[in-house]
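Protein chains in written order, with my numbering: chain A, 1 to 340; chain B, 1 to 340; chain C, 1 to 613; chain D, 1 to 613.
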Ligand SMILES: Cc1ncc(C[n+]2csc(CCOP(=O)(O)OP(=O)(O)O)c2C)c(N)n1
Ligand SMILES: Cc1ncc(C[n+]2csc(CCOP(=O)(O)OP(=O)(O)O)c2C)c(N)n1
Ligand code: SF4
Ligand code: SF4
Ligand SMILES: [Mg+2]
Ligand SMILES: [Mg+2]
């Protein structure tokens, strides 16, 4: 298969090479700052040629990121980043294409492009800033806002069942899904790096804190006090252990996941599930994606499948060599043509 | 909870009451004819008042159905039936609202409205005519067309991973999903009836044959010769058995489903999974939705959850009784008002 | 010191400016409330940055609120202000150019001691030393220091104390304008009822400001703006977007229909959705859709189902709704589409105002696809315009696009609260159950309006859709002559709405040779300009259009009366071009501004004068 | 019998009509190919029902194909036909009204023996007996019986045999017009190569028809249409949509850029997507998007990434693309948007043609949002118009909307195959790597065009987006005067394209007092009408517009020359209104038809004559 490679940089690059001189206009304390930092770090680590990074976004606080990165960038219109990025990647498989988008941008107005991107498996990474709110428009509920939440447009509480991005990605034939918190910079960079190496669409749900309109929305999961007990950091091939002392673990019971404690009720390491991010079978990944306590973090799923752009390049290569017609003039002159 | 009821008909109605006098313009042999028949039969059986049925559609061969039914009907624009139907149901919870739509209408252009409808769980039934092709526009591939298929717009085969509607529904927090073949009229009616009784969004994927542009797309599953071995008809509380002699069954192995034969390798009825359509846990439903041989038919999932319109009516009722403001005049005259 | 003279003023413009977090929007609002309660006419306009919390102390991060109060009719929020409150150097930098010569400028000196803040604001010399403030009456107050002093004994943390700085500034203003502290104290009590310490701190800051002003040497006189001679009635200050929401609820009440809104948030239209979502008690159903298309499509469904159906948006959202508007046109269903215009094209400048969606409202659909277009003139008029849009839509079974804009949508105005029973009743053409002659596309011979048969109604089962259909029966048809007929009928139906709307009126000096034309949210500015012109001996006539498609019946007659016609609008010339196509043969001149800013009265006056001479 | 006379004709119009399954589209195409090979000029138009397989024997299910061949220039597919092939009663019923008096009508009598078919077609009396065919030259052939006889020994099932009926009909036609069977036999051989029995059956049916005609008493003479005196060259018959696709590929070759199409299927534009998807061998990348919005947005991405980017659609799809067109305008990226117009509004009549998307193309976006608009004149011109649209888009860094329509998109015409090197080279303004002075919105002072820096290019990293930006640097800005400047610049940039397009030409009789104006797909009909008027002693001038936004530089001068201007278009008057706004002061009359059908030459002639007299 004619997989186009993304060229690597000749010189080593650092995080600072990737930060632009533009003023960062997020609120002080916004999760965006840390995310930006991790992105720049990841770009340096992944090591592609600086000119070959392409950051595409929609509209929202989260979509401001192209301005802050010293790469090629496209600040699109609301919800359409995935579609814009698809066109870019199809024309230029040699670019490392990234999308930054919000829960509104990608799950509300952009929901369709999002699921189709995932299904087509173009080699694009989406940074999904999930702050469970419309930030830029000042605090309306989004498709990921928990049921019952009071916001500007739901003064009596929302009455909508929220999407779980991980479940939606799996339901759309996703090949890569990861989840990470905006206050875990190391894990963010790790997950972003993994996505940069994945051939196919990679969705990273970042639990982002919007200090202004949905402050502490993820606090149970991300706050320093409670996170050890509420986050399960997944690593491929490692048992699913968590807790401050790594004594709690996940066991499969029928088709449900249950939390057990090592040493209690005869539970041993043997009983604990070992994470396999590469298994094709999505059932376990689904169970992980929807698990509420603890919440699964890290790369939940990463499986190989042909990408759209590779298949397309392959068709072109095959046709180009096998087909007698090599120019538009040939096309026009084939078939029922006659001289006068 | 203030659940609005849909009024029942005073007189018994028959299938013919529901067929309009309009000329049916589907191709001879199209799966649509049988589907139409089952819809009319279901409407009669469900027994709601004839004026309270509302059929909404988008654009496509499948979307022609409102004209053929003697009910209120709305033939919308391409992809938007779910949104139109949502507005109708919210305003009028006393209507039995149905959507008929194609794989293009609902999974391509209408994908976003589709997943949001499912997530919001409005009490609407969607008949998804999945013929794996754009019929009305004469044979382009759709988001459910299998990879590699040659169509008018994929002369060298498609290069897209198709959606599996069941997986997409589950990934969107769906409460009801069923699958049925257009050549199994009894099962169609049964499944449609079940959907009519479900409170919440019910998606029925109908494997429809487009004789003109995707003939026999579902033949492995639906043809008389092979269907017994390739369809697993699910019934709640019943073991998952199939095959001409009902000797084959489904067993859970870890988190995968495997086909076994009763009496072989010591397999007994005990080993066979019993279908539980009502369990909240979607993992097993997901495994059923994606199973390829046999394909799971019937109601894969049917769970209870509050509907959007009920929650809304409840908010209105609560506010109406608890709130001092009872008219727009009250609203305008409250707050900082003064006389001159 | 309080025995200083009181100067009576006809009108005064005050601008409050500070960082996004400085609470200037609230300060301005409270000042307006106090003025309103004192019987002043008023108009306000908030002006905030695109960012939620733009970087502190930068010019792009300045949040402003302008209030114009008067004892005469107040038509705009004012070209130039007489008083500026600047909480930091960036606020001064951003606003000084719009100060009237001799204006009073109140500065928070604490912030001007901060070198970094000065630098971030782009000052290379200190404004206190570089003579840039020479022609102004500067009042300096160390606001931060003083609020800390005033609240020292409360034991609050400095952050909380700093949040009361805006109340100090407001206290100064209220003193200067001889307003009482009552309404503000009431507000503080209501807002901080559960936090008594914060309530106390705010009250003390307010009072400290008031007293500080009283003791101020620099303040030679205070000002008084007398109550405006307004007709008797109940009044309140109202924001345009809220007025729009109320007008729609009122129309639902007057038509006896349930109200449904399908909408997707977008600046500057979101506040209509927010306001309507508060009114569950009135049975209002709001549906925050997944996108603009679902917003309008759900509304079309709701309309078919028998509701007064609304969708609200701004420019980019209207683009997305284009296809579905066509569906409402061809199914001949009522639907109110509110477009709160902002500066385009594309995402453009979302927080800035413009009138550049007119073309799109008139022409932005495939096929021959006419629908009603109206425009509101002012924040308070949003109420009446929304009511009227709903009335026409329901009575004529056609979508209506109501254009407002960010300026009047976010701005506020004194509003005389109407009594609902004084508003016209609305009569939607509902079909009768079991009418055996019912045909979905049979028409009233006079108005060409079809009847509305709502699902559930016995005996009226029928189907509608986006395909061309036969007149009467509504059966799908590709017959050429039927199509021509339906295209003509849909156009005539819209044209006949002219019989159900008032004739175009003239203001200013109708006998003049020159006609000034405006439409929509520029009414205040243009009408003020016309008044000024008259006063300065250049009388002109003024026609302000609310009804755009169709135009009032007497439009042609009016246009024919004038030698010169100057069409003023905040776009490249969209209405003037529309007049050129619908009423050719007149000599149209045009005055356009596309800067995301409202007209200044003075620039209108200057331009019109230059054209006339 | 074959010694009958041969009558020489200048031109002849043949209509093939049958049930959807009767293969009339193919028959018509093969007849056209035979005529083309014999050197006739020609124009064709298919006319099929909205349904895939509409109910058999109904009028709504009739599928037709009209061919106009001539030894003189053929401009339209013809008002009335001289020969009708009607395979069943419904076909006769549907078409007879468009037959020329004295036309030859070939009927499949087997179908006319079927009572049910007659009834379904709506006949109450038998057309053979009710004198309705009196004024025609009727040729009856029991087609079904005869093909069965001719193929009896092949042992095929009746269904397969019946599928050859169209070949029998074609055989008759080829005989009547003295064409050889060669090209058709070649086609049959190619198509049924792998099914020798079917090949044989089709050949026999063809021959049987030919012989039947030869033996026919009723046929007193045959006809001959001589080769047209066309310039030397290679020719072929080409369908408009295919020509559009080819023009785009040619532009990609001449600009050295890869071709990207992002599109969503929609009638009648889908065939462009289908054609382009065939050409992977040329590196053409087609992306069948999930909807129209993704179609255009992917194309905008592709454009940013350095491709010649295209999106194709029809009216409802153009509505959906409105918002994204604004993004292409403000980012100043090249993009070709092809709108194959169909009858609206809303879903309208998808298989019928109209020119009613002009308003939407010109005005259907939020904000001040100008872009280029062009229109193709004929099926073959689609090639050149698409090429030109791509050229202007690339050279001026702006989206172009190219309007074609269902009539020319599905119709075909003789096409002289150009040599690619004879087409102009296209020079997109690509920025140079490591140009340290590069600014994304710096402009060529003459054309105001910015430079295109493609990702991957060293040293040109930059960002673009939908927010207003400063000229030059392209930094996000809400500065009022900058916005005014950018709005003006974008408008001027589009206006300056007038310097890169030819002046408007005049045809007909330029010295006349009366100017006929047309645009787009009506060229053939209007120009034929102008020729007829000239011949009948009513000379008029004719200006056919290809370039709409901007209009050619000399438009104003041309309009000023005439006393009467009649603008003819297939909509309610969109171009005439556009002229009224852009070129006021002229006396425009208009002739409009909104029936989903092309102009008839005769109705144009009649109307123009009535206006002139
Ligand atoms: C077509 C269109 N509709 C609506 C908007 C208004 N809008 C801008 S951003 C946004 C939602 C932002 O929420 P999210 O995507 O979650 O991003 P966040 O700001 O929270 O990062 C909305 C509704 C728009 N710009 N364009
Ligand atoms: C906005 C818009 N885009 C495209 C179309 C063209 N179109 C009509 S139906 C259809 C797809 C039909 O496929 P599907 O939904 O699977 O229905 P089917 O005909 O197969 O039942 C398309 C692309 C349209 N009518 N409107
Ligand atoms: S509003 Fe929320 S998401 Fe937006 S910048 Fe501020 S904190 Fe971040
Ligand atoms: S084209 Fe296919 S889906 Fe459409 S009516 Fe014919 S058989 Fe049915
Ligand atoms: Mg968000
Ligand atoms: Mg389909």
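Cβ atoms here follow ideal geometry from the backbone N, Cα and C, with glycine treated the same way.
Is the shortest distance between the beta-carbon of residue i and the beta-carbons of chain A less than 7 Å?
i	result
residue 249/D	yes
Is there a Cβ from chain C that is less than 7 Å from the Cβ of residue i?
i	result
residue 183/B	no
residue 306/B	no
In this structure, does DSSP put residue i in helix, strand or coil?
i	result
residue 327/A	coil
residue 365/A	No information on residue 365/A is available, as it lies outside the stretch 1 to 340 that chain A covers here.
residue 16/B	helix
residue 32/C	helix
residue 248/B	strand
residue 2/D	Interpretation of residue 2/D is limited by its pLDDT of 49, a score under 50 that renders its predicted location unreliable; no figure is taken from the coordinates.
residue 284/C	coil
Could you check whether the Cβ of residue i sits closer than 7 Å to any Cβ belonging to chain B?
i	result
residue 294/C	yes
residue 298/C	yes
residue 161/A	yes
Out of curiosity, what's the CA-to-CA distance linking residue i and residue j?
i	j	result
residue 134/D	residue 38/D	33 Å
residue 3/B	residue 258/B	41 Å
residue 194/D	residue 115/D	38 Å
residue 272/C	residue 360/C	21 Å
residue 313/B	residue 203/B	23 Å
residue 561/D	residue 451/D	40 Å
residue 550/D	residue 242/D	26 Å
residue 490/C	residue 315/D	18 Å
residue 1/D	residue 31/B	The pLDDT assigned to residue 1/D is 45, lower than 50, so where the model puts this residue is not dependable; a value taken from the coordinates is nonetheless given after this. Cα-Cα distance, rounded: 52 Å.
Counting contacts by CB-CB distance shorter than 7 Å, is residue i in contact with chain D?
i	result
residue 208/A	no
residue 319/A	yes
For the putative contact between residue i and residue j, defined by C-beta atoms under 8 Å, what is the C-beta separation to the nearest angstrom?
i	j	result
residue 275/A	residue 234/A	5 Å
*Tell me, please, whether the region 52-63 of chain A touches the region 226-239 of chain A by the rule of three or more beta-carbon pairs shorter than 8 Å.*
no
*Touch check for the region 233-253 of chain D and the region 411-421 of chain D: three-plus C-beta pairs under 8 Å?*
yes
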